[in-house]
DNA sequence: ATAATAATTTGACCGCGGTCATTTTAAAGG
DNA sequence: CCTTTAAAATGACCGCGGTCAAATTATTAT
């Protein structure tokens, strides 16, 4: 029969998460090593993998936390009055995702549900983000010939490709924000 | 003084590449193991890394070969008469890139130049693809308020995001082609 | 209390990409 | 031909994510 999770286990998990957050703020996401993490916390390596499926799964939690904090900020804006306003609102999120190539990689890998039964934390933030966007888009001064849902899909597509370009040596000079304003004007306000 | 590359070296490289192509057609890109490769070819592991910077670098070559073959086909179409026609023309390429999540990952990582001085093979194919697209777009029945260059950027952005969705469990049922036709109609022929 | 059972932790071990000092082999100079 | 020099190949070794049978610790039943 199933027995309840022990307090000991919950504490170990929290210590691992807490220490992981510190590592990330010290050395970044990419440089976090599971071996360093467990030796700092003082548990065996196997313990980590008893609490998290794999390293990606830990990153999913840590990155989703950050995204949710940024979405909290985004939610305080209740409507968009221009494409520039849209871009300005989503920039903090895009800056975070493009802050490390590794973060972008994880984001892309985990932004969709990997299996039908299991939706990760980052995938949940995408859903939340989409809802926020769609709600604000309905009342904005944007094209009305397509749905807000489709409008949102486009914003996300252009965002991802702009981030990808900004992470690439040849295109890093033209900045992400300018490129996105141009693309989204063409997408959201075709003349 | 610099001495010329020896024939022996060129042959070793070709044997590695040839065997790698076989591995890929047998077990796919993801499952190719450098250790299997070198033991099949009969050289030491270090030899591989004397010929290729890393595993990604080999994948860059192999995947770019495939993309170039698909672009050769694409080039036989000389103009686009509709959005459906555009999508149909680029579908073989998108099917290949979405055939394995690993291929998509490599593609994204290597599609931009990683360093200013060094442009990879996949990055070259992107440039070639872009030229082909832009050329065909100029004469097509599409919106004229934005440049063919910008039009092409959008096609690539929507393509990438459609592939990402198709690799995700929740969205794989709605197929890539349908989604793309809807998005690109909204992008290329806004009413 | 004590035994039985289940949850938790452990650490030796594996797979695989990647490194590098050393050795082997080929080409150039005398 | 022999020596010198540079290219090519070698394989032991490392880093690090991930596994798993065994040991430990907590919980429940008697």
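Protein chains in written order, with our numbering: chain A, 54 to 244; chain B, 54 to 244.
Just so it is clear, CB atoms sit at the ideal spot from N, CA and C, and this is done for glycine as well.
This structure is a prediction, so every number in the text was calculated from the model and none was measured.
Q: Could you check if residue 79 of chain B is buried or exposed, using at least 16 other CB atoms within 10 Å of its CB as the buried criterion?
A: The residue you call residue 79 of chain B lines up with position 26 of the second chain. Burial state of residue 79 of chain B is exposed, judged by a 10 Å Cβ sphere holding fewer than 16 other Cβ atoms.
Q: Taking the CB atoms as reference points, tell me whether residue 66 of chain A and residue 154 of chain B lie closer together than 9 Å.
A: Taking the first chain and counting its residues from 1, one reaches residue 66 of chain A at position 13. Taking the second chain and counting its residues from 1, one reaches residue 154 of chain B at position 101. The answer is no: Cβ separation not under 9 Å.
Q) In this structure, what does DSSP give as the bridge partners for residue 168 of chain B? A) On the second chain, residue 168 of chain B is found 115 positions in, with the first residue counted as 1. B/171.
Q: Report buried or exposed for residue 207 of chain A, applying the criterion of at least 16 other Cβ atoms within 10 angstroms of its Cβ.
A: Walking along the first chain from the start, residue 207 of chain A turns up at place 154. Counting Cβ neighbours within 10 Å, residue 207 of chain A comes out buried, since at least 16 surround it.
(Q) Could you check whether the Cβ of residue 70 of chain A sits closer than 9 Å to any Cβ belonging to chain B? (A) Locating residue 70 of chain A in the first chain gives position 17, counting from the first residue. Contact with chain B is absent for residue 70 of chain A, since none of that chain's Cβ atoms lies less than 9 Å from the residue's Cβ.
Q | Coil, strand or helix - residue 219 of chain B by DSSP | A | The sequence position of residue 219 of chain B within the second chain is 166, counting from 1. Residue 219 of chain B falls in the helix class under three-state DSSP.
Q. Could you give the residue range of the alpha helix (DSSP H) that holds residue 132 of chain A?
A. Position 79 of the first chain holds residue 132 of chain A. Where residue 132 of chain A is concerned, there is no enclosing alpha helix (DSSP H), given that its DSSP letter is neither H nor E.
Q) Can you tell which of A/109, A/100, A/107 and A/147 has the C-alpha that lies nearest to the C-alpha of residue 123 of chain A? A) Locating residue 123 of chain A in the first chain gives position 70, counting from the first residue. Check the Cα spacing between residue 123 of chain A and each of A/109, A/100, A/107 and A/147: the tightest is with A/147.
Q: Tell me, please, whether the CB atom of residue 224 of chain A is closer than 9 Å to any CB atom in chain B?
A: Mapped onto the first chain, residue 224 of chain A falls at position 171. Taking Cβ atoms only, chain B reaches closer than 9 Å to residue 224 of chain A, which makes this a yes.
Q | Host alpha helix (DSSP H) of residue 232 of chain B (start-end) | A | Counting from one through the second chain, the residue named residue 232 of chain B turns up at place 179. Annotation for residue 232 of chain B: the continuous alpha helix (DSSP H) segment containing it runs 229 to 241.
Q) Does the separation of the CB atoms of residue 210 of chain B and residue 236 of chain A fall below 9 Å? A) Looking up residue 210 of chain B in the second chain gives position 157. Looking up residue 236 of chain A in the first chain gives position 183. Yes, they are a contact pair.
Q. Which whole-angstrom value is the C-beta distance of residue 82 of chain A and residue 91 of chain A, which I expect to be below 8 Å?
A. For the purposes of this step, residue 82 of chain A is identified with residue 29 of the first chain, where counting begins at 1. For the purposes of this step, residue 91 of chain A is identified with residue 38 of the first chain, where counting begins at 1. The Cβ separation is near 17 Å, so there is no contact.
**Q.** Of the residues B/98, B/93, B/104 and B/97, the one placed nearest residue 59 of chain B, counting alpha carbons only
**A.** The count along the second chain starts at 1 and reaches residue 59 of chain B at position 6. Taking only the C-alpha atoms, the option nearest residue 59 of chain B is B/104.
Q | Option in A/68, A/241 and A/168 with minimal Cα separation from residue 94 of chain A | A | Here residue 94 of chain A corresponds to residue number 41 of the first chain, with the count starting at 1. The candidate whose alpha carbon is nearest that of residue 94 of chain A is A/68.
Q: Indicate the three-state DSSP secondary structure (helix, strand or coil) for residue 199 of chain B in the structure shown.
A: Within the second chain, the letter at position 146 stands for residue 199 of chain B. Collapsing the DSSP output to three states places residue 199 of chain B in coil.
Q | DSSP-derived helix/strand/coil call for residue 156 of chain B | A | As a position in the second chain, residue 156 of chain B is number 103, starting the count at 1. DSSP, reduced to helix, strand and coil, places residue 156 of chain B within a helical segment of the structure shown.
Q) Does residue 221 of chain B get closer than 9 Å to chain A when you measure Cβ to Cβ? A) One-based indexing of the second chain puts residue 221 of chain B at position 168. At least one beta carbon of chain A lies nearer than 9 Å to the beta carbon of residue 221 of chain B.
Q: Please name the residue, chosen from B/220, B/62 and B/174, that lies closest to residue 109 of chain B on a Cα-to-Cα basis.
A: Here residue 109 of chain B corresponds to residue number 56 of the second chain, with the count starting at 1. With distances taken between CA atoms, residue 109 of chain B lies nearest to B/174 out of B/220, B/62 and B/174.
Q | Minimum Cβ-Cβ distance from residue 214 of chain A to chain B less than 9 Å | A | If you number the first chain from 1, residue 214 of chain A lands on position 161. Contact with chain B is found for residue 214 of chain A, since one of that chain's Cβ atoms lies less than 9 Å from the residue's Cβ.
Q | For residue 185 of chain B and residue 127 of chain B, believed in contact at Cβ under 8 Å, the rounded distance | A | Numbered from 1 along the second chain, position 74 holds the residue referred to as residue 127 of chain B. Numbered from 1 along the second chain, position 132 holds the residue referred to as residue 185 of chain B. Confirmed, about 6 Å.
Q.
With a threshold of 9 Å between beta carbons, is residue 243 of chain B in contact with chain A?
A. Mapped onto the second chain, residue 243 of chain B falls at position 190. Closer than 9 Å: yes.
Q. What residue does the alpha helix (DSSP H) around residue 28 of chain A start on, and which one ends it?
A. No answer is possible for residue 28 of chain A: it lies beyond the span of chain A, which begins at 54 and ends at 244.
Q) So, residue 166 of chain B versus residue 221 of chain A, is the Cβ gap smaller than 9 Å? A) One-based indexing of the second chain puts residue 166 of chain B at position 113. One-based indexing of the first chain puts residue 221 of chain A at position 168. Contact flag set, yes.
Q) Do residue 181 of chain A and residue 121 of chain A have their CB atoms nearer than 9 Å? A) Within the first chain, the letter at position 128 stands for residue 181 of chain A. Within the first chain, the letter at position 68 stands for residue 121 of chain A. Yes, the pair counts as a contact, with Cβ atoms nearer than the cut-off.
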